[in-house]
Amino acid sequence: MSMKAEIISVGDELTSGQRLDTNSQIISRRLGDLGIRVGHHTTVGDDLADNVSAFRIAASRCDIVIISGGLGPTADDLTREAMAEAFGQPLEFRPEAMAHIENLFKSRNRSMPERNRVQAMFPQTSRIIPNPHGTAPGVDLEVLVKDSQNMDHPSRLFALPGVPAEMIQMLSQTVEPRLIEELGLGHQRCFFHSVKLFGLGESDVEQVIPDLISRDRIPRVGITVSKATITLRIAALATCEDEFQSLIEPTLAQIRQAFGEVIFAEGDLELQDVIHDLLDQKHLTLSIVEVGSGCWVGQMLSEGLEPNKPGGLKHLAWQPHLPASATAMDGNSPSLADLALESKQLNRTDYAMAVGVYPPSSSFPRESSLPSTELQVAIVGPANRATLKTKSVSGHPELFYQRLAKTALDLLRKELLDE
Numbered sequence: 000m001s002m003k004a005e006i007i008s009v010g011d012e013l014t015s016g017q018r019l020d021t022n023s024q025i026i027s028r029r030l031g032d033l034g035i036r037v038g039h040h041t042t043v044g045d046d047l048a049d050n051v052s053a054f055r056i057a058a059s060r061c062d063i064v065i066i067s068g069g070l071g072p073t074a075d076d077l078t079r080e081a082m083a084e085a086f087g088q089p090l091e092f093r094p095e096a097m098a099h100i101e102n103l104f105k106s107r108n109r110s111m112p113e114r115n116r117v118q119a120m121f122p123q124t125s126r127i128i129p130n131p132h133g134t135a136p137g138v139d140l141e142v143l144v145k146d147s148q149n150m151d152h153p154s155r156l157f158a159l160p161g162v163p164a165e166m167i168q169m170l171s172q173t174v175e176p177r178l179i180e181e182l183g184l185g186h187q188r189c190f191f192h193s194v195k196l197f198g199l200g201e202s203d204v205e206q207v208i209p210d211l212i213s214r215d216r217i218p219r220v221g222i223t224v225s226k227a228t229i230t231l232r233i234a235a236l237a238t239c240e241d242e243f244q245s246l247i248e249p250t251l252a253q254i255r256q257a258f259g260e261v262i263f264a265e266g267d268l269e270l271q272d273v274i275h276d277l278l279d280q281k282h283l284t285l286s287i288v289e290v291g292s293g294c295w296v297g298q299m300l301s302e303g304l305e306p307n308k309p310g311g312l313k314h315l316a317w318q319p320h321l322p323a324s325a326t327a328m329d330g331n332s333p334s335l336a337d338l339a340l341e342s343k344q345l346n347r348t349d350y351a352m353a354v355g356v357y358p359p360s361s362s363f364p365r366e367s368s369l370p371s372t373e374l375q376v377a378i379v380g381p382a383n384r385a386t387l388k389t390k391s392v393s394g395h396p397e398l399f400y401q402r403l404a405k406t407a408l409d410l411l412r413k414e415l416l417d418e
């Protein structure tokens with residue numbers, strides 16, 4: 000049974016931007032692991048009418064609603080009151096919740112303020128979600144509301160404290176087990192597998208595999224784009240990793256066949272990690288020299304290097320000084336080939352890559368509306384023969400330098416694969 004969820008974060012500190020809402024991210028991931036699709040994130044301030052409205056809307060359009068925050072003892076903690084008003088459920092006193100709160104204060108050698116009694120008030124038909132280490136028990140409330148078609152729609156709301164440590168513990172110990180029981184998941188959970196691509200746009204990828212990214216397909220394939228890398232994320236419910244891999248294998252085979260060498264990794268690896276692994280596997284060393292690129296390629300390749308790993312640092316032999324030919328560098332390929340060869344000989348590496356950018360990346364400002372340049376790469380391997388490649392690179396100013404570096408590294412990756 001496919002279920003849709005909404006996550007509501009409560010607090011003026013969130014709507015004002017004073018604090019980042021990390022709870023919603025955590026809850027979304029945890030629901031995703033259960034195979035529950037999160038359709039909405041809502042942030043609402045400490046206002047009773049706004050809370051009531053948000054809770055009613057969420058319950059009318061989603062099967063599961065998880066609320067974070069607003070369960071404290073102060074006057075601006077309104078989640079309990081809003082749930083009661085939204086669904087016609089008068090608040091009632093729960094002695095067992097009160098006993099827990101009192102015992103918690105006693106264990107800390109503190110007297111309990113009278114105001115904390117409000118934390119033992121619950122909507123009439125709700126269940127308590129225990130909070131082992133805090134004074135704010137959670138609320139588990141099942142309601143029947145009208146949806147947008149004026150049809151009866153059951154929804155289940157879970158209200159949890161905003162304190163991340165308490166919220167996570169209550170989510171793990173109570174909310175998730177109750178959801179698993181309700182959904183009949185048994186030992187199933189949602190597994191994910193990522194396939195990473197570079198060199199195509201998002202719309203290009205979608206055109207190649209339109210049937211695979213259908214919303215109602217199992218396993219489900221989603222497309223995300225981050226820093227010029229496209230990730231195909233495959234998701235499916237299974238009881239174990241082996242069952243999941245068996246389930247997604249036909250989908251993986253279609254993706255691999257469709258994109259070939261455009262795929263640079265599967266799993267969590269980034270492009271620079273793939274270069275490191277290829278050099279390790281083939282016992283190769285690499286030097287790089289850059290002209291006009293702002294050293295973005297070297298900086299990216301340096302990410303993830305392990306200083307204590309045997310041989311790890313020799314992958315990137317930084318140029319102590321530019322070879323003489325660099326002083327005459329004018330951006331054309333023959334000069335780059337000479338530069339790569341001199342870098343290889345000077346650093347005594349198996350491979351060398353010279354990167355040239357024309358016009359230089361420093362010649363246009365970061366706020367340029369659409370920077371564009373010609374990237375030239377010369378790669379020299381053990382045979383001392385240069386492979387020359389030229390690519391036009393353009394894009395949004397915030398992504399341009401990432402795209403520039405990744406284009407060069409992707410050309411290097413393909414060269415190393417052919418080694």
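0 is the number of the first residue of the sequence shown in numbering that gives the first Met the number 0; add one for each residue after it.
Every residue, glycine too, gets a C-beta built ideally from N, C-alpha and C.
Check, Outcome
"Under 8 Å between C-beta atoms, does Gln256 make it to chain C?", "In the structure shown, chain C cannot be found, because there is only a single protein chain."
"When you compare each of Gly68, Lys105 and Arg412 to Gln280 by their alpha carbons, which one comes out closest?", "Arg412"
"What ranges does the alpha helix (DSSP H) occupy inside the stretch 59 to 86, keeping only unbroken runs of at least 4 residues that lie completely in it?", "78 to 85"
"Looking at Leu33: is its Cβ nearer than 8 Å to the Cβ of Glu175?", "yes"
"DSSP three-state label for Glu418, please.", "coil"
"With distances taken between CB atoms, is the gap from Phe54 to Leu196 smaller than 8 Å?", "no"
"Exposed or buried, what is Cys239 when buried is set at 16 or more other beta-carbons lying within 10 Å of its beta-carbon?", "exposed"
"Go to Leu195, then tell me how far its alpha helix (DSSP H) extends in each direction, as first and last residue.", "For clarity, residue 195 is Lys in the given sequence; the question names Leu instead. It is not in any alpha helix (DSSP H) - Lys195 instead sits in the beta strand (DSSP E) that spans Arg188 to Leu196."
"How far does the beta strand (DSSP E) with Met352 in it extend, from its first residue to its last?", "Tyr350 to Tyr357"
"On the three-pair Cβ rule with 8 Å, is the stretch 75 to 94 touching the stretch 23 to 31?", "no"
"Can you confirm whether the stretch 281 to 299 touches the stretch 340 to 358 when touching is taken to mean that 3 or more C-beta pairs between the two stretches lie within less than 8 Å?", "yes"
"Determine the contact status of Ala404 and Val273, defining contact as a CB-CB distance below 8 Å.", "no"
"Since Thr21 and Asn50 are thought to touch, with beta carbons under 8 Å apart, how far apart are those beta carbons, to the nearest angstrom?", "Between Asn50 and Thr21 the Cβ distance is about 21 Å, and since that is not below 8 Å, they are no contact."
"Given the structure, does Leu340 come close to the ligand GTP, in the sense that its CB is under 7 Å from one of the ligand's heavy atoms?", "The model depicted lacks the ligand GTP and carries no ligand whatsoever."
"Ends of the alpha helix (DSSP H) at Thr419?", "Shown here, the chain extends from 0 to 418; a query on residue 419 therefore has no answer."
"Given that a residue counts as buried once 16 or more other Cβ atoms are within 10 Å of its Cβ, and exposed if not, what is Ala164?", "exposed"
"Along the chain, which unbroken stretches of the beta strand (DSSP E) at least 3 residues long are found entirely within the stretch 137 to 182?", "137 to 145 and 151 to 159"
"If you run the structure through DSSP and keep just helix, strand and coil, what is Glu423?", "Look at the range of the chain in this structure, 0 to 418, and you will see that residue 423 is not part of it."
"Tell me the rounded alpha-carbon separation between Gln298 and His395.", "20 Å"
"Rank Val144, Ser52, Asp267 and Gly221 by C-alpha distance to the C-alpha of Ser80 and give the top, closest one.", "Just to set this straight, residue 80 is Glu in the shown sequence, not Ser. Of the candidates Val144, Ser52, Asp267 and Gly221, the one whose C-alpha sits nearest the C-alpha of Glu80 is Ser52."
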